[in-house]
Ligand code: VNL
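In the numbering used here, the protein residues as written are 10 to 397.
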């Protein structure tokens with residue numbers, strides 16, 4: 010009797026140890042590294058909310074494994090992003106790294122992805138060269154050359170000849186400046202001056218004064234998500250719009266997260282981008298409604314869509330590989346073609362970069378709210394940064 014009891018207790022113990030071990034093995038771990046605090050916290054908030062929405066809609070089991078989303082705040086400091094990525098790979102043994110709110114954060118982490126053969130899904134950062142920093146990078150955001158070239162094609166047909174450019178002085182800004190300028194010159198336009206402002210705490214005033222003196226037909230701007238409101242405010246305060254200078258740029262300046270709070274100065278601003286919350290498709294309407302409902306009315310911006318589509322790419326690859334990792338998971342990410350809230354989207358298997366439509370949009374009031382209203386579409390745009 011005693012002995013039998015002992016044996017069955019032992020069996021139960023062994024079985025539960027086995028079961029919990031099996032459970033531990035059956036996790037599919039996503040390490041999501043984002044700026045959750047600091048000047049770029051809105052990017053982290055949007056992407057985390059989108060990832061959680063995707064999971065709520067698609068379940069937390071994929072390829073037979075339980076999905077564990079591990080969200081970490083890198084405060085937008087590249088050394089922190091890299092350290093967190095290393096810890097997630099070594100200690101948590103994550104199947105995939107994801108997030109990456111800004112270019113320097115993605116570039117700092119790329120060597121970790123390469124060394125550990127961990128797929129790295131870039132959901133936000135948008136400098137063209139990021140996908141070349143590691144063969145394990147897959148991008149679901151966009152590239153600045155995609156947006157900038159589209160704008161430079163629109164400009165000459167719309168009464169704008171002379172332009173000054175103003176960009177944040179780092180990867181995506183330099184891409185925006187270069188690709189906009191080269192294409193505009195090719196199209197017969199003029200770039201009077203190229204101005205670069207610091208990424209952190211920029212004071213636009215002296216730059217805007219210079220723009221006023223140069224009297225271009227338009228000012229083309231790139232600043233990262235979240236920084237557009239300050240630019241817009243100072244543009245209005247200096248009376249630039251009244252002086253007849255049009256504001257144009259990539260859609261980062263009329264970011265849906267903050268657009269509605271910008272006021273009248275934003276009204277009429279024309280930009281080029283891959284996503285607007287007012288994109289007219291049934292899928293997008295569903296996405297926006299669900300996102301707003303889950304986040305106290307917060308409007309999703311292009312960062313949210315990069316996060317949502319990144320989760321789609323990860324889930325489909327996990328399904329195809331039964332919760333795999335490394336090269337198998339990476340291979341299953343390449344070539345995915347699907348409908349995103351932004352429109353049709355494709356992960357180019359050769360470049361691992363996103364191919365999607367770029368829309369020309371004008372800020373308009375719709376039902377008392379400011380929205381980027383799409384009025385022209387360039388279809389299936391590849392990253393011009395890689396065509397040479
Ligand atoms: C980047 C590009 C960041 C576009 C952004 O917002 C953006 C980047 C934070 O590559 O750093 O809107």
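Here a beta-carbon is modelled for each residue, glycine too, at the ideal position from N, C-alpha and C.
Residue burial classification, residue i (beta-carbon count within 10 angstroms, cutoff 16)
i           : result
residue 291 : exposed
residue 383 : buried
residue 185 : buried
residue 310 : buried
residue 226 : buried
residue 207 : exposed
residue 55  : buried
residue 98  : buried
residue 361 : buried
residue 359 : exposed
residue 298 : exposed
residue 142 : buried
residue 400 : As shown, the chain starts at 10 and ends at 397. That puts residue 400 outside it, with no answer to give.
residue 336 : exposed
residue 88  : exposed
residue 263 : buried
residue 265 : buried
residue 33  : Because residue 33 carries a pLDDT of 49, less than 50, the predicted location of this residue cannot be relied on, and no value is offered for it.
residue 386 : exposed
residue 293 : buried
residue 209 : exposed
residue 261 : buried
residue 201 : exposed
heavy atom of the ligand VNL below 8 Å from residue i C-beta
i           : result
residue 394 : no
residue 134 : yes
residue 235 : yes
residue 268 : no
residue 312 : yes
residue 111 : yes
residue 153 : yes
residue 115 : yes
residue 188 : no
residue 181 : yes
residue 49  : yes
residue 52  : yes
residue 264 : yes
residue 261 : yes
Residue i (DSSP reduced to helix, strand or coil)
i           : result
residue 45  : coil
residue 246 : helix
residue 60  : helix
residue 226 : coil
residue 284 : coil
residue 181 : helix
residue 311 : helix
residue 120 : helix
residue 303 : helix
residue 359 : coil
residue 345 : coil
residue 389 : strand
residue 195 : helix
residue 113 : helix
residue 325 : helix
residue 259 : strand
residue 353 : strand
residue 139 : helix
residue 171 : strand
residue 295 : helix
residue 333 : coil
residue 374 : strand
residue 40  : strand
Delimiting residues of the alpha helix (DSSP H) encompassing residue i
i           : result
residue 218 : 214–223
residue 205 : Where residue 205 is concerned, there is no enclosing alpha helix (DSSP H), although the beta strand (DSSP E) it sits in stretches over 199–206.
residue 96  : 87–99
residue 156 : 153–163
Supposed close pair residue i, residue j - CB separation, criterion 8 Å
i           : j           : result
residue 128 : residue 339 : 5 Å
residue 194 : residue 228 : With 8 Å as the limit, residue 194 and residue 228 do not qualify as a contact, their Cβ atoms being about 17 Å apart.
residue 380 : residue 281 : Not a contact, Cβ separation roughly 16 Å.
residue 91  : residue 117 : 4 Å
residue 106 : residue 83  : With a Cβ gap of about 12 Å, residue 106 and residue 83 do not count as contacting.
residue 196 : residue 154 : Not quite, the Cβ-Cβ distance comes to about 15 Å (not below 8 Å), so this is no contact.
residue 51  : residue 235 : 5 Å
residue 204 : residue 247 : So it is not a contact: roughly 14 Å between Cβ atoms.
residue 287 : residue 314 : Between residue 314 and residue 287 the Cβ distance is about 13 Å, and since that is not below 8 Å, they are no contact.
residue 41  : residue 79  : 7 Å
Span of the beta strand (DSSP E) around residue i
i           : result
residue 7   : Since the first residue shown for the chain is 10 and the last is 397, residue 7 is missing from the structure and cannot be characterised.
residue 107 : 105–108
residue 148 : 146–148
residue 81  : 74–82
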